[in-house]
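> Chains as they are written, first to last, in our numbering: chain U, 124 to 274; chain D, 124 to 274; chain X, 124 to 274; chain E, 124 to 274.
Number of protein chains: 4
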Amino acid sequence: MTAAAFVARDPAYASRIRASFARQGAMALIGAEIVDLAPGYCAIAVQPRPELAQQHGYVHAGIVATLVDSAGGYAGFTLFPADSSVLTVEFKLNLLAPADGDRLVAEGFVVKPGRTLVITRGEVRAEKVGKRTLVALMQQTLIVLHGKADA
Amino acid sequence: MTAAAFVARDPAYASRIRASFARQGAMALIGAEIVDLAPGYCAIAVQPRPELAQQHGYVHAGIVATLVDSAGGYAGFTLFPADSSVLTVEFKLNLLAPADGDRLVAEGFVVKPGRTLVITRGEVRAEKVGKRTLVALMQQTLIVLHGKADA
Amino acid sequence: MTAAAFVARDPAYASRIRASFARQGAMALIGAEIVDLAPGYCAIAVQPRPELAQQHGYVHAGIVATLVDSAGGYAGFTLFPADSSVLTVEFKLNLLAPADGDRLVAEGFVVKPGRTLVITRGEVRAEKVGKRTLVALMQQTLIVLHGKADA
Amino acid sequence: MTAAAFVARDPAYASRIRASFARQGAMALIGAEIVDLAPGYCAIAVQPRPELAQQHGYVHAGIVATLVDSAGGYAGFTLFPADSSVLTVEFKLNLLAPADGDRLVAEGFVVKPGRTLVITRGEVRAEKVGKRTLVALMQQTLIVLHGKADA
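#1: Which residues, taken in chain order from the segment 203-228 of chain D, show a beta carbon closer than 8 Å to some beta carbon of chain U?
#2: I want to verify the contact list: residues of chain D whose CB lies under 7 Å from the CB of threonine 189 of chain E, in sequence order.
#3: For the segment 246-272 of chain X, which residues have a beta carbon sitting closer than 9 Å to at least one beta carbon of chain U?
#4: What residue from U:Ala259, U:Gly196, U:Phe200 has the CA that sits closest to lysine 235 of chain E's CA?
#5: Can you tell me whether valine 252 of chain D is buried or exposed, with buried defined as 16 or more other CB within 10 angstroms of its CB?
#6: So leucine 227 of chain D is in the beta strand (DSSP E); what residue range does that whole segment cover?
#7: Determine the direct distance from the alpha carbon of glycine 270 of chain E to that of alanine 137 of chain X, and round the result to whole angstroms.
#8: Could you give the first and the last residue of the continuous beta strand (DSSP E) run that contains phenylalanine 214 of chain U?
#9: Taking the straight line between their C-alpha atoms, what separation do you get for glutamate 174 of chain U and leucine 219 of chain U?
#10: Which residues in chain X sit within 8 Å of threonine 239 of chain U, going by Cβ to Cβ distance?
#11: So is aspartate 192 of chain U in contact with chain D if we call contact Cβ pairs under 9 Å?
#12: Quick check: is the beta carbon of valine 233 of chain E nearer than 9 Å to any beta carbon in chain U?
#13: Name, please, each residue of chain D whose Cβ falls closer than 8 Å to the Cβ of isoleucine 242 of chain X.
#14: Return the CA-CA distance between alanine 168 of chain E and isoleucine 266 of chain D, expressed in angstroms with no decimal places.
#15: If we cut at 9 Å on Cβ distances, does alanine 137 of chain X have a partner in chain E?
#16: Using the C-alpha atoms, what's the distance from alanine 184 of chain X back to valine 209 of chain E?
#17: Please name the residue, chosen from E:Arg139, E:Glu250, E:Ala229, that lies closest to isoleucine 186 of chain E on a Cα-to-Cα basis.
#18: In three-state DSSP terms, what is threonine 125 of chain D?
#19: At which residue ranges does the segment 136-213 of chain D contain complete alpha helix (DSSP H) runs of 4 or more residues, listed in the order of the chain?
#20: With distances taken between CB atoms, is the gap from arginine 244 of chain D to arginine 244 of chain X smaller than 9 Å?
#21: Between which residues of its own chain and aspartate 133 of chain D is the CB-CB distance below 8 Å, once the five residues before and five after are set aside?
#22: Provide the residue span of the beta strand (DSSP E) that contains glycine 270 of chain D, from first to last.
#23: My assumption, with CB atoms under 8 Å, is that glycine 163 of chain E sits in contact with valine 233 of chain E. Please give the rounded CB distance.
#24: Would you mind working out which of X:Lys254, X:Thr256, X:Arg255, X:Ser143 sits nearest alanine 194 of chain X, comparing C-alpha positions?
#25: So arginine 244 of chain U is in the beta strand (DSSP E); what residue range does that whole segment cover?
#26: Using only CA atoms, which one of D:Val158, D:Ser207, D:Arg141, D:Arg146 lies nearest to arginine 226 of chain D?
#27: Express the C-alpha separation of leucine 190 of chain E and aspartate 273 of chain E in angstroms, rounding to a whole number.
#28: Using 9 Å as the limit for Cβ to Cβ distance, is arginine 146 of chain U near chain D?
#29: Compute the distance between the beta-carbons of glutamate 213 of chain E and glutamine 147 of chain E, then report whether it is under 9 Å.
#30: Are the C-beta of arginine 141 of chain E and some C-beta of chain U separated by less than 9 Å?
#31: Should valine 130 of chain U be labelled buried (16 or more other beta-carbon atoms within 10 Å of its own) or exposed?
#32: If you compare alpha carbons, which of E:Gly224, E:Leu257, E:Ala222, E:Leu268 is closest to arginine 238 of chain E?
#33: Go ahead and label glycine 180 of chain D buried or exposed: buried means 16 or more other beta carbons lie within 10 angstroms of its beta carbon, across all protein chains shown.
#34: With 16 as the cutoff for other CB atoms within 10 Å, does lysine 215 of chain E come out buried or exposed?
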């Protein structure tokens, strides 16, 4: 899929998203941070550690889901008007490889920005001594709540 | 769907699952606990609190996913032989209502227990002053790793 | 999941749905027919035959999807107002067993009837000399198009 | 996602897939044909016509699913050994725009070729007087049946 060139309607989208992200207790709990933002795109990273692990020591599929659901949601949110907010309708996640390493990066990409529904896809990669491995693949549906500012 | 009556091959399945659950840093991090276990069934609960919230104060979709992915995984694991472990291949989650309240309970149900792949479905309910609301619906594929004990 | 008791807003929902079904060329092509309708519920059946088969002789996963996507869509449509129509936003389908036999029956059940989005789940069973086997499991999101009558 | 360069283990993969495709009654019924094949890739096309339509005249979501499920399945199958066959474990499909026009082309891409499970994604485009519109997005899990030749 060729990367679409999207234009943000709200020029202040980045500060609006960083403020929204800062209100998420879950992002602080898992130690996630936004590492990149562009119209239709968001990347969120976390450092794997025992508190995020499942029973074999890898990052839990649900934590991977938390990262990439947020990356997809904020990718969509970059394109929304200022007085709106975003909710996840649903997502589907395939786990492709054990999630561990030095850093886990989830990327969300807008595929189809509709007025009411926005479709995104997501990819999560594990970085380990310079090598990057695709560990998860997501497809997601978001809903735009018009007239309901996020804050 | 009528609830199938499943029989556990490993009579010690409950202690095996509780030990596996105790090795999950992510379950401790979010404060989750197993509240019910039966062959083909697992229920996991958490108390909503600001550390689990997304930007509007509800429990984050990813935390809901973490709960119900685990409930589905352990529902499947109840039916596995003792020397095996379980991995999530994929899941799909619909978010139906804001997740808040006094307690969030995720239930996993085995639908089809194959030798290699196990299909489950999951439901998450929010309990608020005695009222229960369905907040999420999941469909999940697990893979059985034979000959690889979980511990 | 306990079956919810739904009430249809349009008392003529059954004739509206049968007329809509009759406009579907794809339903005629595969030989599908509605075998049951109730508020929040629809069942559609087809007789397996070589024209519906994949390479091993079983009914093609896409034909199974066609049946259960329609059953879910019309299950939702039973609850819509008369001047609306329905579109599938997305669905996820697990194939559990080979689809063959004397008859294939897909059932759609409304789980959550929202004003804009309706969530359903679906089950497909194969009937073979009196025995019924669950062959597929679906989870689906529909969107209500208000003010756009189906015909 | 950068396109991975895959190598087919069976040099005769194309003729093996065309023979498998020819055994599918469902592909003949809907008038589908393979329009491209490469290691890890398959494209299948169909011409929209009333027999494939849902109630509004667009190609039925289930027919779109049939195309892209097959494209994903054969994309995976290009990489399998000669004495194996392929089954769809599950797929998830988002419908993005009405499917009509002169031609509908479904493409399947292998994302992760495992020994037992293969993950693909798919895209469906409608072509109308030279313009191409993305109408559906898929994510799919396949299982390799080793030692069971397709024919």
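Where a beta carbon is used, it is the ideal one built from N, C-alpha and C, also for glycine.
On the basis of the coordinates in this document:
#1: Ser208, Leu210, Thr211, Val212, Glu213, Phe214, Lys215, Leu216, Asn217, Leu218
#2: Within chain D, no residue comes near threonine 189 of chain E; the closest Cβ sits about 20 Å away, beyond 7 Å.
#3: Under the 9 Å Cβ criterion, the segment 246-272 of chain X contributes Gln262, Thr264, Ile266.
#4: U:Ala259
#5: By the 10 Å Cβ count, valine 252 of chain D comes out exposed.
#6: 226-236
#7: 49 Å
#8: Per DSSP, phenylalanine 214 of chain U belongs to the beta strand (DSSP E) from 207-218.
#9: Counting only the Cα atoms, leucine 219 of chain U lies some 21 Å from glutamate 174 of chain U.
#10: Thr239, Ile266
#11: Under the Cβ criterion of 9 Å, aspartate 192 of chain U is counted among the residues facing chain D.
#12: no
#13: Asn217, Leu219, Leu260
#14: 33 Å
#15: no
#16: 12 Å
#17: E:Ala229
#18: Its pLDDT being 47, under 50, threonine 125 of chain D is placed unreliably by the model, and the measurement read from it follows with that caveat. Note: threonine 125 of chain D maps to coil in three-state DSSP.
#19: 136-145, 148-153, 184-200
#20: yes
#21: Arg139, Phe203, Pro204, Ala205
#22: That residue, glycine 270 of chain D, is in no beta strand (DSSP E); it is neither H nor E in DSSP.
#23: Contact between glycine 163 of chain E and valine 233 of chain E holds: their C-beta atoms lie close to 4 Å from each other, under 8 Å.
#24: X:Ser143
#25: 240-251
#26: D:Val158
#27: 19 Å
#28: yes
#29: no
#30: no
#31: Valine 130 of chain U comes out exposed.
#32: E:Leu268
#33: With fewer than 16 other Cβ atoms within 10 Å, it is exposed.
#34: buried
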